[in-house]
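Encoded as structure tokens, the structure appears first; notes follow it.
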Amino acid sequence: MPVPAAPQASRKGVAGQAADHIRAAVLGGELPAGTPLREPGLAAKLGVGRRTVHEALNLLEREGLVVSELHWVAEVRELTPQDVEELYTLRAALDVLAMRTAAGKDTTALEAVVEKMRHARTDAERVALDIEFHDAVYAATGHRRLVQAWRAIRSQVHLFLLARAVGDTAYRNLLVPEHAELVAVLNGEDAAKAGQAAEDHLRGSYAKLVDRSGGSREPAGRP
1 MPVPAAPQAS
11 RKGVAGQAAD
21 HIRAAVLGGE
31 LPAGTPLREP
41 GLAAKLGVGR
51 RTVHEALNLL
61 EREGLVVSEL
71 HWVAEVRELT
81 PQDVEELYTL
91 RAALDVLAMR
101 TAAGKDTTAL
111 EAVVEKMRHA
121 RTDAERVALD
131 IEFHDAVYAA
141 TGHRRLVQAW
151 RAIRSQVHLF
161 LLARAVGDTA
171 YRNLLVPEHA
181 ELVAVLNGED
191 AAKAGQAAED
201 HLRGSYAKLV
211 DRSGGSREPA
221 GRP
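Counting in UniProt numbering, the final residue of the sequence shown is number 223, and the numbers go up one at a time with none missing.
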């Protein structure tokens, strides 16, 4: 199983470190959706005890990356049509507020991420940079509770984007121009326009993923 070996424990704790490594493998595309996460194998690979792996998987389950049921092996979450709709509607509400709040703020960090996007070579790298871009948007807001709300769904959004992006030529071609346009809108200092740009940006992602998952193209509760 392509999970990197964990280094020695730090202040974060062994379970937290194990969760970091499993998360990296999931979000790096090394452990695809539906992959069983067997504790003995993970413990041997990471060089930790099964109890530590169990705690790590519990952490990832709370993030929404892992699903488990009593007496069943945990596995990487597969997004259902309901998952897709709920993530879209919640993220849209948060992103619209984030873009409106970040309008007119310093976009240096965002421009740096767009530049890195130009040189990305894999879909997993592109998705990681997509998430990094939106991290920077939220950071620019200076709104602590909004940032906390984003962090609560961040890992699941990453999974959402992986499901959309892998093998999608349109995603590769549009990643840079779409995010460069978001930077331009933020520089325009028009909060209403920035909020609309966020909604437009997400609608395309939602439609693409719905086509793959068999849900409705018109999400309920759309902002």
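Each residue gets a CB set at the ideal place from its N, CA and C atoms; glycine is no exception.
These numbers were taken from a predicted model, which means no experiment stands behind them.
| Query | Result |
| --- | --- |
| Cβ pair count under 8 Å reaching 3, the region 171–185 against the region 95–111 | yes |
| S155, enclosing alpha helix (DSSP H) - first and last residue | R144 to A165 |
| Endpoints, alpha helix (DSSP H) assigned at A103 | Note, A103: premise wrong, no alpha helix (DSSP H); not H, not E. |
| Residues near V14 in its chain [Cβ-Cβ closer than 7 Å; skip 5 each side] | V48 and T52 |
| Cβ neighbour criterion (16 or more within 10 Å) applied to E184 | Glu is not the amino acid found at residue 184; the sequence shown has Ala there. Exposed is the call here. |
| Cβ-based neighbour list, E63, same chain, cut-off 6 Å, excluding 5 preceding and 5 following | S155 |
| Counterpart residues of V14 in DSSP-defined beta bridges | V14 is not bridged to any residue. |
| For E39, the three-state DSSP class (helix, strand or coil) | helix |
| Cβ contact (3+ pairs, closer than 8 Å) linking the region 165–177 and the region 87–105 | no |
| Start and end residues, alpha helix (DSSP H) containing V127 | D123 to T141 |
| Backbone secondary structure at E115 - three-state DSSP | helix |
| Range covered by the alpha helix (DSSP H) that runs through A170 | T169 to N187 |
| According to DSSP, residues forming a beta bridge with V67 | E75 |
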